[in-house]
Amino acid sequence: MSELNKLTIADARDALRKGDVTSVELTEACLTAIDAADALGAFVHKTPQIAMERASAADARIKAGDAPDMCGVPVGIKDLFCTEGVASQAASRILEGFKPEYESTVSGKLKDDGAVMLGKLNMDEFAMGSSNETSVYGNAINPWRAGNGETELTPGGSSGGSASAVSADLCLAATGTDTGGSIRQPAAFTGIVGLKPTYGRCSRWGIVAFASSLDQAGPMTKTVRDAAIMGRAMMGHDAKDSTSADLAVPDFEAMLTGDIKGKVIGIPKEYRMDGMPEEIETLWSDGAAMLKDAGAELRDISLPHTKYALPAYYVVAPAEASSNLARYDGVRFGHRAQMAAGDGITEMYEKTRAEGFGPEVRRRVMIGTYVLSAGFYDAYYNRARKVRALIKKDFEDVFAAGIDQILTPATPSAAFELGKEVSDPVEMYLNDVFTVTVNLAGLPGIALPTGVNADGLPLGLQLIGRPWEEGDLLNTAYALEEAAGFVAKPAKWW
Numbered sequence: 008m009s010e011l012n013k014l015t016i017a018d019a020r021d022a023l024r025k026g027d028v029t030s031v032e033l034t035e036a037c038l039t040a041i042d043a044a045d046a047l048g049a050f051v052h053k054t055p056q057i058a059m060e061r062a063s064a065a066d067a068r069i070k071a072g073d074a075p076d077m078c079g080v081p082v083g084i085k086d087l088f089c090t091e092g093v094a095s096q097a098a099s100r101i102l103e104g105f106k107p108e109y110e111s112t113v114s115g116k117l118k119d120d121g122a123v124m125l126g127k128l129n130m131d132e133f134a135m136g137s138s139n140e141t142s143v144y145g146n147a148i149n150p151w152r153a154g155n156g157e158t159e160l161t162p163g164g165s166s167g168g169s170a171s172a173v174s175a176d177l178c179l180a181a182t183g184t185d186t187g188g189s190i191r192q193p194a195a196f197t198g199i200v201g202l203k204p205t206y207g208r209c210s211r212w213g214i215v216a217f218a219s220s221l222d223q224a225g226p227m228t229k230t231v232r233d234a235a236i237m238g239r240a241m242m243g244h245d246a247k248d249s250t251s252a253d254l255a256v257p258d259f260e261a262m263l264t265g266d267i268k269g270k271v272i273g274i275p276k277e278y279r280m281d282g283m284p285e286e287i288e289t290l291w292s293d294g295a296a297m298l299k300d301a302g303a304e305l306r307d308i309s310l311p312h313t314k315y316a317l318p319a320y321y322v323v324a325p326a327e328a329s330s331n332l333a334r335y336d337g338v339r340f341g342h343r344a345q346m347a348a349g350d351g352i353t354e355m356y357e358k359t360r361a362e363g364f365g366p367e368v369r370r371r372v373m374i375g376t377y378v379l380s381a382g383f384y385d386a387y388y389n390r391a392r393k394v395r396a397l398i399k400k401d402f403e404d405v406f407a408a409g410i411d412q413i414l415t416p417a418t419p420s421a422a423f424e425l426g427k428e429v430s431d432p433v434e435m436y437l438n439d440v441f442t443v444t445v446n447l448a449g450l451p452g453i454a455l456p457t458g459v460n461a462d463g464l465p466l467g468l469q470l471i472g473r474p475w476e477e478g479d480l481l482n483t484a485y486a487l488e489e490a491a492g493f494v495a496k497p498a499k500w501w
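All residue numbers for the sequence shown refer to the numbering used here, where the first residue is 8 and numbers rise by one.
Right, dumping it as structure tokens:
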């Protein structure tokens, strides 16, 4: 078998079981692809030795007939997940040199299942960004190019390295995290599938926190079937995370029948934004038509508080970030600034945080500290929490009225030029316009590619599901994937 790194998880699993290929061969193919793809800036800490050891162990396990689905499958891990003995920096200078003595629950579950870690993936610093331009490692680059152009495009953020690596076939799949769209937006920009599970489905233990009530880990894969396989391996109750749901995780792959006859799909009128590009509008209506042809019923719905979602998100998320990031002070771990004679503890905190945090993280910490301050707590933070409750109720009302899933665009545009939008942070924040509501309401969402724009860049649609019904959501996504028949790949230039 040639070009093993291009396999899906499902195909690799079947080939490994049949003995057509070994995990060592698969892993070598991915490591070769990674070494040839430094121009993408996707992998920032390579772990070839660990990869080969785990691949050999996986081969022995498969031979013994005791192998879960992910056994022997080479994956990349976002730099936000703590990995034992391997640099885990959250793409920030302040965590330079930090090598945890423990493994995050999610990466640990994948490790226990025999998945092979190829290395750590680039991301926006502390997951704060929509374009992977806030990383201490430099930009991650989208493997896709517009037409025959040579302009570097963003892979999206914050899981930009994960998206770029999966899209360019450097790994078979990758972990991502999603606080306001950081799995779904990069997936849409790079033509892959990104699943954000229900809040509480994946343990947050050992994942560097951004906004604790919004963060959720999920799989970034080449197909919906792969998302079902990897998602199941990542999910499950964890006593170490107080927000982890004690619910059984079903066999999502077994639920992929593609039969959606009788399903009711909601089309929210509030997602028809002013100035939305025609190609996004067309993609959305085409996707709705595909679901209808597959037997689903379409119904117009209203989510009236959607217009308040972005402002509410950009109060709640920075508030939680300012609290979570208070621990990075130069005392216990990570970077510490050089002190001048006469400097005390306050100067050490100030200098360390000023040197260690990038501009976007500093901006969000300052916003968060401001909205939590005594004079503004009620005016901003408490009001945002009330709006969040109303947004959640909008979804509850719609689902109670018989809607099974909601179809929306995943992003307001295709991937944009790197460096183009950074000057105006608000413009950058608007990239999350279709995704933040899902995090505020704690719902599962999935982005999948269903078409390309005039320049040949991938465009994605988003499906939003009922809480804890990832299996049903994945099945509808599977039907849409089958109907769309998206097979485009980026032309190799790196």
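Note that CB positions come from ideal geometry on N, CA and C, so glycine has one too. The structure presented is a predicted model; accordingly, all values stated were derived computationally and were not measured.
Could you please give me the residues that DSSP links to residue i through a beta bridge?
{"i": "I308", "result": "P275"}
{"i": "L414", "result": "L470"}
{"i": "L160", "result": "E424"}
{"i": "I267", "result": "Answer by DSSP bridge pairing: none, since I267 is not bridged."}
{"i": "I214", "result": "F88"}
Go to residue i, then tell me how far its alpha helix (DSSP H) extends in each direction, as first and last residue.
{"i": "Q192", "result": "R191 to T197"}
{"i": "D42", "result": "S30 to D42"}
{"i": "T289", "result": "E285 to D300"}
{"i": "R208", "result": "Taken as a continuous stretch (DSSP letters only), R208 belongs to no alpha helix (DSSP H), as it is neither H nor E."}
{"i": "T112", "result": "T112 to D119"}
{"i": "D18", "result": "I16 to K25"}
{"i": "A172", "result": "G167 to S174"}
With the cut-off set at 9 angstroms, would you say residue i and residue j are in Cβ contact?
{"i": "N12", "j": "D185", "result": "no"}
{"i": "D119", "j": "S189", "result": "no"}
{"i": "A180", "j": "R208", "result": "no"}
{"i": "P204", "j": "G183", "result": "no"}
{"i": "D439", "j": "L317", "result": "yes"}
{"i": "A333", "j": "A344", "result": "no"}
{"i": "P193", "j": "G201", "result": "yes"}
{"i": "S166", "j": "A218", "result": "no"}
{"i": "M59", "j": "T34", "result": "yes"}
{"i": "A486", "j": "A303", "result": "yes"}
{"i": "L456", "j": "L470", "result": "Looking at the sequence provided, one finds Pro at residue 456 rather than Leu. Not in contact: P456 and L470 (Cβ atoms no closer than 9 angstroms)."}
{"i": "F364", "j": "A172", "result": "no"}
{"i": "E91", "j": "E110", "result": "yes"}
{"i": "A65", "j": "A74", "result": "yes"}
{"i": "L160", "j": "F196", "result": "yes"}
{"i": "E327", "j": "S174", "result": "no"}
{"i": "R152", "j": "P497", "result": "yes"}
{"i": "G463", "j": "F493", "result": "no"}
{"i": "I272", "j": "I410", "result": "yes"}
{"i": "I214", "j": "L87", "result": "yes"}
{"i": "V143", "j": "M124", "result": "no"}
{"i": "G198", "j": "G164", "result": "no"}
{"i": "T141", "j": "P366", "result": "yes"}
{"i": "I148", "j": "D76", "result": "no"}
{"i": "Y335", "j": "L397", "result": "no"}
Determine the DSSP secondary structure at residue i, reduced to helix, strand or coil.
{"i": "M227", "result": "strand"}
{"i": "I148", "result": "coil"}
{"i": "A181", "result": "strand"}
{"i": "L332", "result": "helix"}
{"i": "F50", "result": "strand"}
{"i": "D233", "result": "helix"}
{"i": "N12", "result": "helix"}
{"i": "L317", "result": "helix"}
{"i": "P257", "result": "coil"}
{"i": "R339", "result": "coil"}
Assuming residue i is part of the beta strand (DSSP E), what are its boundary residues?
{"i": "M124", "result": "V123 to L128"}
{"i": "L202", "result": "V200 to K203"}
Kindly indicate if chain C contains any beta-carbon less than 9 angstroms away from that of residue i.
{"i": "V378", "result": "Going by chain labels, chain C is absent from the structure shown, which holds only one protein chain."}
Please give the ranges of any alpha helix (DSSP H) in the region 54 to 110, keeping only runs that are unbroken, at least 4 residues long and fully inside the region. 55 to 70
Note down, one range per segment and in chain order, each beta strand (DSSP E) of at least 3 residues found wholly within the region 432 to 487. 452 to 459 and 465 to 472
Inside the region 343 to 431 only - beta strand (DSSP E) runs reaching at least 3 residues: 412 to 416
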